[in-house]
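Position one of the sequence shown corresponds to residue 2 (our numbering), numbered consecutively onward. Glycine included, C-beta positions come from ideal geometry on N, C-alpha and C. Note that the structure is a prediction, hence the values are computed from the model and not measured. Here the structure comes first, spelled out in structure tokens, and everything after it is commentary.
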Amino acid sequence: MSNIALPIQGATTSPIDTHAVQQHSIPKTNVQEKTPVIERNQFYYDVLAGLNASQKHLSPKYFYDESGSHYFDQICALDEYYPYKTELTLLPEVASTLAKNLQGQFALVEFGAGSLLKVKPLLNEIDGIHRFMPIDISGEHLVSACEQLQQEYQSLEVAPTVADFTQPLALDGFHGLQPLGFFPGSTIGNFTPDEAAGFLQNVRNILGPDSYLLIGVDTKKSPRTLHRAYNDQMGITAKFNLNILHRINRHFDSRLDVADFEHYAFYNTSEGRIEMHLVSRKAHNIVLDETIIHFDEGESIHTESSYKYSPQDFQTLAAKTGWQIDQAWMAQGDMFSMYLLKNAVH
Ligand code: AVJ
């Protein structure tokens, strides 16, 4: 999966895991202190802070534990969830256009590499890619995916980095090759517009002068289509959303009844974003270790925002972050877009 993750307006948490992690090491959870009962790590603090806020919220990065990642894979297979399939269909066409138009020798840098599935059309078509540098916060997953990819592409130099790419990061060694960034999956949609701008600026600094960035971005479209994509018939998205409550029960000394909450996702037209919430079906208190948290009937936990960008929206975002749109691709029916950005700052 494109397994990175993602926050809520007004929250101080970043969508993607915020603790900086050393390159080439398996990330350790930031355990501050351990008692027999309570493990006070980043998740612990984020959950307590998020559920004590006036608009309760949890970061979507916490969707992706083992079962959450499994649900996300199931979402990608759903008819209603068009972004995954649409981008995958668009990629071979994008790759062959790039192969024609991009002359040079490249180091391909993937942000949030996940399963490394989407990179294959690029590797297959573009002969000039000599080095592949995936960056992901999840070390174990990344290393095993890289081993497999290396088997398939023997002459490619595969150089993974375990890191949080929302933080400033110096990648050692493009080896004289031209950096080509890759950020598929419309993961940028999980950032607020301000965070997205910060991210694009950070990526430009990481990749440096003369770099390119190929990015997948979900578009604004009929609210009905958007609504369906996050409210599938089989209820997989609901399970994906509710799983975060199971994760809390697994981590805390808590007996949250997941059945007391309801999946609620809608398209907020004025903000141009899907919002996912977990809505309390009744007034009740929950107990997390020794903290009591009250829910009114109908009160929600905001678990995800997924911003959608029209070509005009994205053009504005790119321009203000020092990127210039070199090429753009639009899937049939304007369902999903990809952009090749060129670093405009010399
Ligand atoms: C992680 C941004 C690709 O917002 O569409 C799918 C995750 N959430 N269904 C999105 C998601 C609910 C997704 N991205």
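Short Cβ contact (9 Å threshold) for residue i with residue j
i, j, result
"Lys221", "Asp314", "yes"
"Glu300", "Ser271", "no"
"Thr162", "Phe200", "no"
"Ala108", "Leu215", "no"
"Met339", "Trp330", "yes"
"Asp137", "Gly174", "no"
"Asn102", "Arg205", "no"
"Tyr65", "Phe253", "no"
"Thr238", "Ala260", "no"
"Asn269", "Pro61", "no"
"Ala160", "Phe133", "yes"
"His131", "Gln106", "yes"
"Met235", "Leu79", "yes"
9 Å Cβ cutoff, residue i in contact with chain C
i, result
"Gly115", "Going by chain labels, chain C is absent from the structure shown, which holds only one protein chain."
Check: residue i C-beta below 8 Å from any heavy atom of the ligand AVJ
i, result
"Pro61", "yes"
"Gly190", "yes"
"Met336", "no"
"Ile293", "no"
"Tyr231", "yes"
"Phe112", "no"
"Pro84", "yes"
"Glu196", "no"
"Gly186", "yes"
"Asn53", "no"
"Met235", "no"
"Asp219", "yes"
"Ser307", "yes"
"Asn242", "yes"
"Met277", "yes"
"Phe166", "no"
"Phe73", "yes"
"Thr193", "no"
"Ile76", "yes"
Option in the options with minimal Cα separation from residue i
i, options, result
"Thr98", "Thr188, Ala345 and Leu341", "Leu341"
"Phe63", "Ser55, Gln56 and Tyr72", "Strictly speaking, residue 63 in this sequence is Tyr, with Phe absent from that position. The shortest C-alpha separation from Tyr63 is found at Tyr72."
"Leu257", "Phe267, Tyr268 and His295", "His295"
"Asp290", "Asn250, His347 and Val159", "Asn250"
"Glu305", "Lys57, Ser139, Asn53 and Pro185", "Lys57"
"Glu67", "Phe253, Ile245, His278 and Gln333", "Ile245"
"Leu150", "Gly190, Asp335, Phe253 and Ser116", "Ser116"
"Lys309", "Asn242, Thr188 and Gln328", "Thr188"
"Leu118", "Gln106, Ala54 and Tyr154", "Tyr154"
"Glu126", "Gln104, Ser223, Ser145 and Tyr213", "Gln104"
"Gly186", "Ser307, Glu141, Asp80 and Ser145", "Ser307"
"Arg274", "Ser223, Ala198 and Gly323", "Ser223"
"Ala197", "Cys77, Gln316, Leu279 and Asn53", "Gln316"
"Gln328", "Ala96, Pro84 and Ala78", "Ala96"
Distance between beta carbons of residue j and residue i, contact taken as under 8 Å
i, j, result
"Ser255", "Ile287", "6 Å"
"Pro359", "Pro93", "Because the chain is modelled from 2 through 347, residue 359 falls outside the range shown and cannot be assessed."
"Glu81", "Arg229", "5 Å"
"Ile302", "Leu59", "6 Å"
"Thr292", "Gln202", "Not really, about 37 Å apart at Cβ, beyond 8 Å."
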